[in-house]
Amino acid sequence: MAILEIKNLIVSVEDQVILDGINLVVRGGETHAIMGPNGTGKSTLAQVIMGHPKYHIDCGEILLDGIRLNEMSVDERSRAGLFLAMQNPTEVPGVTNFDFVKTAVQAHLLSGQHLRIGKFILALEDAAKELKMGSGLAHRYVNEGFSGGEKKRNEILQMKLIKPSIAFLDEIDSGLDVDALRIVGENVTAMKSPDLGLILITHYQRLLDSIVPDFVHIMIRGKIVKTGGRELIAKIDAEGYDWLKVELGIDEFVEKKKPVSLGTCATKSLK
Amino acid sequence: MVKNDKVNLETIDEEYKYGFQTETKTVFSTKRGLTKATVMEISKIKGEPEWMLDIRLKAYAAFLTLNNPKWGPDLSMIDFDDIVYFIKSSDRVENNWNDVPEAIKTTFDRLGIPEAEQKYLSGVTTQFESEAVYHSTIQELEDQGVVFLDTDSALKAYPELFKAYFGKAVSYNDNKYAALNTAVWSGGSFIHIPKNVKIDKPLQSYFRINSERMGQFERTLIIVDSYASLNYVEGCTAPIYSNDSLHAAVVEIFIADHGYCRYSTIQNWSNNIINLVTKRAIVESYGHMEWIDGNIGSGLNMKYPSCVLKGDHAKGTTISIALASKGQYQDTGAKMIHLGEYTTSKIISKSIATKGGRVNYRGLVSEGPNAKHSKSKIECDTIIIDRESASDTLPTNIVKNFQGEIEHEATVSKVSDEQLFYLMSRGLTVDQATEMIVMGFIEPFAKELPMEYAVELNQLIKMEMTGSIG
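Protein chains in written order, with our numbering: chain A, 1 to 271; chain B, 272 to 741.
Written out as structure tokens, the structure reads:
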């Protein structure tokens with residue numbers, strides 16, 4: 001059973017603290033939802049865990065099954081079992097979806113294993129069918145000319161074939177109409193198993209109606225400020241986040257500067 | 272000629288799989304350097320008619336007076352006295368593969384030529400140094416009246432046709448290297464497709480330079496008659512030496528009304544070849560010329576395939592890629608000269624600069640005063656892989672009437688961090704991801720090639736891209 005541990009993660013860009021001491025444990029079989037206002041660091045968290053070169057970790061540790069990910073490259077993290085369904089999947093002109101997904105699946109084979117192409121094609125067709133994607137999709141270029149909904153479904157398609165042990169779904173519901181949301185929801189729910197830990201990043205209740213979380217975390221200004229169960233979702237949907245800010249005494253207008261955040265990171269010297 | 276430094280040479284050696292040299296017997300060769308006597312000697316050996324010698328001598332005189340172009344890469348390092356202009360490696364052109372001299376046969380076997388011929392070609396000519404050594408065409412084409420010969424044999428067999436077209440698209444004084452080619456030309460392909468004959472399977476020529484400090488000056492002449500169509504493929508390689516060799520070819524193509532010609536090249540000379548080629552097609556009414564032009568090899572390359580759209584409704588297309596890696600300078604592009612009304616042209620150019628290579632797109636599109644209602648679309652995309660590499664886009668677009676249109680789009684990009692992140696987040700290594708992005712970038716070109724060439728091209732590019740982002 002997989003376990004992702006995020007310990008006191010602090011990330012800043014230039015002078016601005018974006019993640020301010022995140023602690024989170026996600027186990028296989030669990031579904032976590034991370035909610036929060038815009039610009040609060042939710043997507044950054046997912047990208048940092050995946051290893052985007054844009055971000056530098058000031059302090060803290062990310063462990064997958066006890067193995068430290070901090071120094072691993074993006075592809076190594078993927079092969080270790082991590083997956084990120086992106087909010088804005090990038091277009092790769094001239095590369096067919098088929099070649100891309102095939103190469104990705106191959107990359108995840110253990111050494112000595114070979115991709116059985118016939119089996120792969122059947123799996124790809126099945127996955128596309130389950131996601132109600134058009135049959136021509138395999139031969140279109142990666143995400144090029146895809147509608148918002150097609151791009152999101154394409155992310156789930158990859159996830160189905162790569163079979164990660166920990167997956168972040170970053171606003172997988174944005175740009176989806178009601179039907180597409182239902183299809184994505186059903187597919188993700190069907191993937192739930194003790195071998196998969198899920199982290200859903202979203203603004204909306206409707207995604208969490210179809211993929212039901214076990215834990216809900218509220219993130220504001222780079223911190224997880226509250227963790228609870230499903231009851232939090234309804235409250236946020238009805239009242240927004242203002243009550244939380246009042247309850248926790250968070251001031252919107254004070255920017256947090258980097259040196260302040262380093263209090264817990266005693267070994268790291270200040271710039 | 273120019274000495275490459277040793278280090279450079281070794282790195283080329285690792286990556287260029289056609290860099291082997293074969294020991295061959297030379298039947299005859301001219302002395303190093305170029306004089307009037309050399310020109311006369313070449314003509315004499317070939318037993319040419321008087322008019323050809325006249326043109327050669329005129330061209331030689333023009334060569335002496337013409338200067339190197341004032342634009343583009345510096346060519347002043349070429350030492351014309353240090354080149355061998357003519358090497359004869361075989362007494363005759365064979366049409367049975369087994370009769371080709373053993374050493375030459377070995378070379379082409381290693382290059383995979385006989386295999387390709389059996390699989391998917393209608394005919395093939397292979398040229399070793401200055402002259403063709405092997406030639407074959409399938410019977411079916413000969414029955415239809417198709418002429419596919421090496422250029423030397425064609426001059427003997429079809430003197431009238433030859434004289435009517437030779438030098439009519441590229442005159443002997445067009446530029447310094449066209450003059451040089453006209454003075455010392457040898458070998459090349461001659462193709463005549465008669466009226467209404469359409470060839471589906473490609474005809475191919477393969478050019479091989481085997482000697483150090485030699486010049487290869489083949490001359491290709493293609494005539495596509497009314498309503499006829501041709502698909503022609505050309506390949507080229509050379510061994511690796513520390514001294515450069517010169518390749519200065521001239522290709523002339525004539526497309527009659529409603530004719531069609533596609534000319535595909537994968538130029539994969541080793542990095543010690545200086546490649547200076549003049550390629551031009553004259554297209555009559557409703558004719559269509561397509562240049563599919565791949566430039567992967569050679570150290571210094573200047574090549575701008577041209578279409579003169581003479582007849583009304585004539586059409587020209589150039590789809591090209593150029594890849595400049597370590598020690599390479601690719602200055603390539605296209606020319607479209609619109610003369611007739613309702614003529615259309617399209618240029619798609621893809622350039623890749625990596626490991627310190629330099630690649631330029633240089634193009635000319637001109638719509639003349641009579642080329643009313645003409646349209647042209649130019650699309651130049653460049654991808655620069657690292658900080659050491661460079662690229663320029665140098666287009667010239669001219670419209671001389673009020674009804675013409677030219678559309679020009681150009682992009683320069685690097686492999687984007689977001690694309691790399693996306694692909695790597697699916698488990699692809701940085702090399703795999705870069706390779707995939709670059710292969711996608713050249714896809715519009717690769718998909719135009721016959722399958723076998725596309726595969727070969729992909730392998731070449733992959734080889735060049737390995738380790739380019741560290």
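The beta-carbon is built from N, C-alpha and C at its ideal position, and this holds for glycine as well.
Using the DSSP secondary-structure output, state which residues sit across from residue i in a beta bridge.
i	result
S744 of chain B	Summary: the structure shown does not reach residue 744 of chain B, with chain B confined to residues 272 through 741, and so no result is reported for it.
L420 of chain B	B:F461
I199 of chain A	A:H32 and A:F168
R490 of chain B	B:V521
H56 of chain A	A:S12
R629 of chain B	B:Y600 and B:A661
I358 of chain B	B:S300
H217 of chain A	A:I34 and A:T227
S476 of chain B	B:T396 and B:E505
R68 of chain A	A:L63
A403 of chain B	B:Q398
Applying a beta-carbon distance threshold of less than 8 Å, which residues of chain B neighbour residue i?
i	result
L69 of chain A	Those within 8 Å of L69 of chain A in chain B number zero; the least Cβ separation is about 13 Å.
R206 of chain A	Within 8 Å Cβ-Cβ: nothing; R206 of chain A doesn't reach chain B, min ~26 Å.
H52 of chain A	F692
Q113 of chain A	Chain B residues near Q113 of chain A: none, gap ~13 Å exceeds 8 Å.
Q291 of chain A	The question about residue 291 of chain A has no answer, for chain A in this structure spans 1 to 271.
I162 of chain A	R697 and G698
If I follow the unbroken beta strand (DSSP E) through residue i, where does it start and stop?
i	result
P37 of chain A	Counting along the chain, P37 of chain A falls outside any beta strand (DSSP E), and DSSP gives it neither H nor E.
W562 of chain B	H559 to N566
E676 of chain B	E676 to K685
S111 of chain A	Neither: S111 of chain A is in no beta strand (DSSP E) and is coded neither H nor E.
I608 of chain B	Y600 to H609
I117 of chain A	Segment I117 to E130 is the alpha helix (DSSP H) holding I117 of chain A; no beta strand (DSSP E) there.
N546 of chain B	I544 to V554
Are the beta-carbon atoms belonging to residue i and residue j less than 9 Å from one another?
i	j	result
L665 of chain B	G628 of chain B	no
Q487 of chain B	G530 of chain B	no
T31 of chain A	L200 of chain A	yes
T301 of chain B	I358 of chain B	yes
L547 of chain B	E523 of chain B	no
F478 of chain B	L426 of chain B	no
S596 of chain B	E719 of chain B	no
S516 of chain B	N542 of chain B	no
D564 of chain B	I592 of chain B	yes
V521 of chain B	V418 of chain B	no
M485 of chain B	Y356 of chain B	yes
I218 of chain A	Y241 of chain A	yes
N452 of chain B	A333 of chain B	no
D583 of chain B	S556 of chain B	yes
Y600 of chain B	N572 of chain B	yes
What are the boundary residues of the alpha helix (DSSP H) that residue i is part of?
i	result
S245 of chain B	An answer regarding residue 245 of chain B cannot be provided, because it is not within the stretch 272 to 741 covered by chain B.
R206 of chain A	Q205 to S210
K102 of chain A	N97 to A107
G148 of chain A	G148 to I162
V188 of chain A	V178 to M191
Y436 of chain B	P430 to Y436
R381 of chain B	E373 to R381
T700 of chain B	Taken as a continuous stretch (DSSP letters only), T700 of chain B belongs to no alpha helix (DSSP H), as it is neither H nor E.
L335 of chain B	E321 to T336
Given that residue i touches chain B, what residues does it touch there, using C-beta distances under 9 Å?
i	result
A107 of chain A	R697, G698, L699, T700 and Q703
R79 of chain A	G698
D75 of chain A	L694, M695, S696, R697, G698, L699, T700, V701, Q703 and A704
Name, please, each residue of chain A whose Cβ falls closer than 7 Å to the Cβ of residue i.
i	result
Q690 of chain B	T90 and V92
M722 of chain B	Per Cβ cutoff of 7 Å: no residues; M722 of chain B is ~16 Å from chain A at best.
I619 of chain B	Residues of chain A passing the Cβ test: none, with the nearest at roughly 12 Å.
E714 of chain B	G94
G565 of chain B	Chain A residues near G565 of chain B: none, gap ~16 Å exceeds 7 Å.
Output, in chain order, the set of chain A residues within a Cβ distance shorter than 9 Å of residue i.
i	result
E483 of chain B	In chain order: nothing, as chain A lies at least about 39 Å away.
For residue i, go through chain A and note every residue whose CB falls closer than 8 Å to its CB, in chain order.
i	result
Y693 of chain B	M86, P89, T90 and V92
I708 of chain B	V92 and V95
Mind pulling the chain B residues with CB within less than 7 Å of residue i?
i	result
A104 of chain A	R697, G698 and L699
I57 of chain A	None at all; the shortest Cβ gap to chain B is about 16 Å.
Is the region 670-684 of chain B touching the region 68-87 of chain A, taking contact as three or more C-beta pairs under 8 Å? no
Okay, do the region 637-654 of chain B and the region 606-625 of chain B touch, 3+ Cβ pairs below 8 Å being the bar? yes
Cβ pair count under 8 Å reaching 3, the region 645-661 of chain B against the region 615-625 of chain B: yes
Segment contact, 8 Å Cβ cut-off, at least three pairs: the region 157-177 of chain A with the region 76-83 of chain A: yes
Is the region 84-99 of chain A touching the region 686-694 of chain B in the sense that three or more CB pairs, one from each, lie closer than 8 Å? yes
Quick check: the region 50-64 of chain A against the region 220-236 of chain A, are there 3 or more CB pairs under 8 Å? no
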